[in-house]
Each structure stands twice: as structure tokens, then as C-alpha cells.
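Read the structure below first, then the notes.
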Amino acid sequence: MESKFFDLTVELTVGFLALFAITKFLRRTQITQITPFDFISALVLGELVGNAIYDDDINITYILYAVFIWGCLMFIIEKITQKFRRSRKILEGDPAIVIRDGQIDYNVLKKEKLDINELLGMLRQKEIFSIREVEFAILESSGAISVLKKSKYAIPTIEDLNLSQKPIYLSINLILDGEVIYDNLKTIGFDEQWLKNQIHNYGIENIKDVLYAEWKQDEGIHVILKNNKKS
1 MESKFFDLTV ELTVGFLALF AITKFLRRTQ ITQITPFDFI SALVLGELVG NAIYDDDINI
61 TYILYAVFIW GCLMFIIEKI TQKFRRSRKI LEGDPAIVIR DGQIDYNVLK KEKLDINELL
121 GMLRQKEIFS IREVEFAILE SSGAISVLKK SKYAIPTIED LNLSQKPIYL SINLILDGEV
181 IYDNLKTIGF DEQWLKNQIH NYGIENIKDV LYAEWKQDEG IHVILKNNKK S
């Protein structure tokens, strides 16, 4: 009996240390931002270790091997999603604009399986108690919501300062990790040649050198190179 308790203690300790090592090895966002893929990974890894701990036929070597293999798979897939944007879309999903120009997009809500009560609850968590305050709301791939308020509800409010109200625009991502986001480029009515010309104006010859580029109607294009320089 004492031997079984000792074996269980050792297996629990080894399992905990192995899982802790994996979480330290992977990006911090694996824990702080849970995507569907991350959630499935956590379930599978927990099941592997749980079965190993309570199965007398499985030893410590099996636990370490299972954790190591699964950790390698997660690491490889993470690197793939960093390098190829399309794979990131499949595994993590894309952000979805659920409120655009102050109007709820019902089709997007339906597609994302989000009802109006859930949306209102998420807005309240952002201390927004009326949809009339929202210009844009984006459902992120992690399940969180990001909100851009209308100008008159900004802090401090335009009305409080007696200033004229200006139109508010949403920033559009055009380049991520050296890859052009053609859907967004098409949305704003430009093509790849226009984007290349804009990049060349900043002395950048290759789009692959761009870490991030965004466009805003009232401010134009903003570029960040992979060497952390801003344009």
C-alpha cells in the first residue's frame, strides 16, 4: 500500500513538473489567450497525464514521453501559424466585426453563434451599457471583444469640451508578418500595386521586410518593420 502511495506521489510530481516546463517553454499567450486550438490542446494534454497517473500499467517514462511528444506538436504548430497566415486562420480563426459604424451585423452574429444577450454582456464587461456608445466592436479569435467608442462618448467626451465632432475610422490591417491581407486591401478599394507604392515611399523594397502595416482613412498608412523601426 505504501509503495502505491509513493508511486502516485512521484507520478503526480513528475507530471506537474513536466506540464509546468511545457507551459514555460511555450508562449505566454498559450495561457492568457485561449483559442479553440489551445483549449483542445489543454484537454488532450491533461487527459494524457491524467490517464498515465492513475493507470498502474503506465510508468513515469510514459508520462514524460507523452508530454514531450505533445509539447513538440504544439510547438511545431505554433511555429507554422506564425509563418503562414492561412494556417493561423484555420487553427485560431479571424477576428469578426460584430458592430460596424454603430450598427449590429446580424449575419456576423449568426455566423459566430453569438446572440444579442451575450453581446450585451460582453459590452457591459467593458463598462458599456448602451450599444449607442459603440462605433465598432470586434470579436477576437480568443473570444474577447474589443470596442471602439463613438467620438462623443470618448473620455473626456467631445460634448463636455464643446468641440466639434469628427468622424471616426477603424484601422485596417494590410500586412501581417510580411504577408499581404488581400481581403482587407480589397475592402478599402486598393490593390497590391498601390500597397507596394506606399511601402516604397518609406524606402522599403520588399513587403517581406514589413512586420505590420495598417491603414486609416484620416491618417493614411502606418508601417512597422521587422527590425522594430517605424515608418
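The sequence shown begins at 1 in the UniProt record's numbering and counts up one residue at a time. Glycine included, each C-beta is placed from N, C-alpha and C at the ideal position. What you are looking at is a predicted structure, and each value in this text was computed from that prediction instead of being measured.
Item	Value
Where Lys216 sits in the DSSP three-state scheme	strand
Closest Cα partner of Lys216 within the set Lys208, Gln193, Asn173	Asn173
Contact between the segment 93 to 102 and the segment 124 to 143 (3+ Cβ pairs under 8 angstroms)	yes
Where Gly46 falls, given that 16 or more other Cβ within 10 Å makes a residue buried	exposed
Simplified DSSP state of Lys149, which is helix, strand or coil	strand
Touch test, the segment 146 to 157 against the segment 177 to 197, Cβ-Cβ under 8 angstroms, three pairs minimum	no
Segment limits, beta strand (DSSP E) that includes Ile158	From DSSP, Ile158 is part of no beta strand (DSSP E) but of the alpha helix (DSSP H) over 158 to 161.
Buried/exposed call for Leu163, threshold 16 Cβ in 10 Å	exposed
Beta-carbon proximity check, Val98 vs Leu114, cutoff 8 angstroms	yes
Exposure label - Ile188; buried when at least 16 CB within 10 Å	exposed
Close Cβ partners of Gly102 (< 7 angstroms) along its chain, the five nearest in sequence each way excluded	Val134, Glu135, Lys150
Reduced DSSP category for Asn107 - H, G, I as helix; E, B as strand; rest coil	helix
Extent of the continuous beta strand (DSSP E) to which Leu120 belongs	From DSSP, Leu120 is part of no beta strand (DSSP E) but of the alpha helix (DSSP H) over 116 to 125.
Span of the alpha helix (DSSP H), counted from its first residue to its last, around Leu195	192 to 200
DSSP bridge partner residues for Arg85 (one or two, in chain order)	Paired residues: none, contrary to the question.
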